[in-house]
Every structure is written in C-alpha cells, then in structure tokens.
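Asker:
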Amino acid sequence: MGTFEELVAEGAAVPLEGWDFSWFAGRATEERPPWGYASLIAGRLAAVSSALDLQTGGGEVTASASVLPPLMAATESWPPNALVASKNLPFVVQAPDSGPLPFRDSAFDLVISRHPVVTPWGEIARVLRPGGTYFSQQIGAGTNRELTDFMMGPQPVSEARGVAAARADAEAAGLEVLRLEPVSLRVAFFDVGAVVHFLRKVLWTVPGFTVDGYRDRLLDMHAHIQEHGEFVSTSTRFLVEARKP
578 MGTFEELVAE GAAVPLEGWD FSWFAGRATE ERPPWGYASL IAGRLAAVSS ALDLQTGGGE
638 VTASASVLPP LMAATESWPP NALVASKNLP FVVQAPDSGP LPFRDSAFDL VISRHPVVTP
698 WGEIARVLRP GGTYFSQQIG AGTNRELTDF MMGPQPVSEA RGVAAARADA EAAGLEVLRL
758 EPVSLRVAFF DVGAVVHFLR KVLWTVPGFT VDGYRDRLLD MHAHIQEHGE FVSTSTRFLV
818 EARKP
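Counting along the sequence shown from 1, when you hit position 158 you're at 735 in the working numbering, and nothing is skipped either side.
1) What number of angstroms, rounded off, separates the C-alpha of residue 813 from the C-alpha of residue 644?
2) On the three-state DSSP scale, how would you describe residue 754?
3) From this set, 762, 595 and 786, which residue's C-alpha is nearest residue 659's C-alpha?
4) If distances are taken between C-alpha atoms only, which option among 590, 720 and 803 comes closest to residue 764?
5) Who does residue 820 pair with in a DSSP beta bridge?
6) Identify which residue in 821, 816, 820 and 822 has its Cα closest to the Cα of residue 610.
7) Verify whether the separation of the beta carbon atoms of residue 755 and residue 653 is less than 7 Å.
8) As an exercise, report each continuous beta strand (DSSP E) stretch of at least 3 residues that is fully enclosed by the region 603-633, in chain order.
9) Could you tell me which uninterrupted alpha helix (DSSP H) segments, each at least 4 residues in length, are contained entirely in the region 647-728, listed from first to last along the chain?
10) Go ahead and pull the three-state DSSP assignment for residue 764.
11) Look at residue 680 and residue 704 and say whether their C-beta atoms are less than 7 Å apart.
12) Mapping the DSSP letters down to three states, classify residue 641 as helix, strand or coil.
13) May I have the straight-line CA-CA distance separating residue 593 from residue 778, to the nearest angstrom?
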C-alpha cells in the first residue's frame, strides 16, 4: 500500500464514466444481494418484445444479458455515461432522471432499473403497456450510513428511499406491487484510496464530497484502516417488482 497522499491521489484520478466497479478489486468488497439481479433481468429481457432500462449508467448490466428484445431502449442523464451506454446498448436517449420520459404511452412490456437515483413512478406507469412490469434493484434507506456518519458526523436517516415509500409510490401510480424484498449487505474498504473513489462515484453518500474539503476525515479514515485493516459499512438494497393492471 502507498502513503496517504499516494492513495488519495490514486483514488482521485480514477475516471468516473460508466458503472463498472472492477477497479475496486482487492481494495474494497461489497456483499451481493441474494437474488442475482443481472440473471433475473436477463430472463425477463429474453421473454419480452420491448424493454426500457432507466438510468442505465454505462449500460453494462443490461448489455450482459445474452438476449435483448427487438426493441431495447435506455435512458441516462449524465452525458459521459450516455456515451458509454451508447456503445453497449442499441438505443440510448439522454433524459432527466425524474422524467418526463421521451416515449409514447404503453410503449414497453418491461421497464427495468438498477440503482436509480429517483424512480419516476408516474412515468413508468405511463410507458408500460397493460400487463407490463417494472423490475428494479434499488438503494434502500440509510445505505452506507456508517461511512456517511464517519465523514460528516451523525446524519438523520430519511425513509424516502425505504420499502414502505416504494410501495406507497408504486400504488399511487396505479401499479400492483408483486415483490418487495429488502436486504442489508456488508461493505469493507481496505485503503483510503478506495474510499475516495467510492465517494466520488456514489455521490449521495457524502453530498458535495471533495478531497480537499474532507482531508482531515480522510486522514482519520486512513488511520482507522491502518489500525483495523478495513473500514466496514452496511449497504441496503431492495428488489421491487410491480405490474400495470
């Protein structure tokens, strides 16, 4: 491992485009949800004629499916990610996360999203055909709160991203919730450079994070990892499946 300055500089230099976390190999680990999202969507994509991937990032997860439907569309709001996604998926539109979606009513059999920043339930219901489904792995309330609190001090946990809110919002949009499954997962960081890159990439963990603004806390994080061998946090995820009647 390098010095504090070397590790921080390395974490600060990693490109942020796409949604590929392979750089973290050997430097951080995150327990995976038990349901296997990529495999689940691969099966669903193979069984429909039209699908929409919302907030696709770089499109890597959806592109990993062996069979895509004849109509496969995706949206992404961040231009660098949209450029990456356009190389991985056949049709990518740059569109705001919160909507509106640039598609006609009842256009898709299936809408999917992995870790959406926001879930535009009304727009999802609009573009789904009757009998179509929304299938998503979402970030739950209080995810990585140990890391947030270490960097910022104790923070309140909003339930806006919780499973109860997801159910209420889906039903308010006229969707029937078929599956809603939460899980808590162990996350471990093995050097401060991995923490820096994670906070740059997963922006909601410490809003407004910069290396200079949080240098003192990063020094404390470096010392913690040197003493304990890792910094442990807890991510929360939930799987939601909802159907349009």
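The beta carbon of each residue, even a glycine, is placed where N, CA and C say it ideally should be.
Answerer: Quick look at the numbers:
1) In a straight line, the C-alpha of residue 813 is about 29 Å away from that of residue 644.
2) DSSP places residue 754 in strand when its eight states are reduced to three.
3) Comparing Cα-Cα distances from residue 659 to each of 762, 595 and 786, the minimum goes to 595.
4) Of the residues 590, 720 and 803, the one whose Cα lies closest to the Cα of residue 764 is 720.
5) 710 and 753.
6) For residue 610, the nearest C-alpha among the options comes from 816.
7) In this structure, residue 653 does not lie closer than 7 Å to residue 755 by Cβ.
8) DSSP runs (the beta strand (DSSP E)) wholly in the region 603-633: 605-607 and 627-630.
9) DSSP runs (the alpha helix (DSSP H)) wholly in the region 647-728: 656-665 and 698-704.
10) Here residue 764 sits in strand by DSSP.
11) In this structure, residue 704 lies closer than 7 Å to residue 680 by Cβ.
12) Three-state result, residue 641: coil.
13) About 6 Å.
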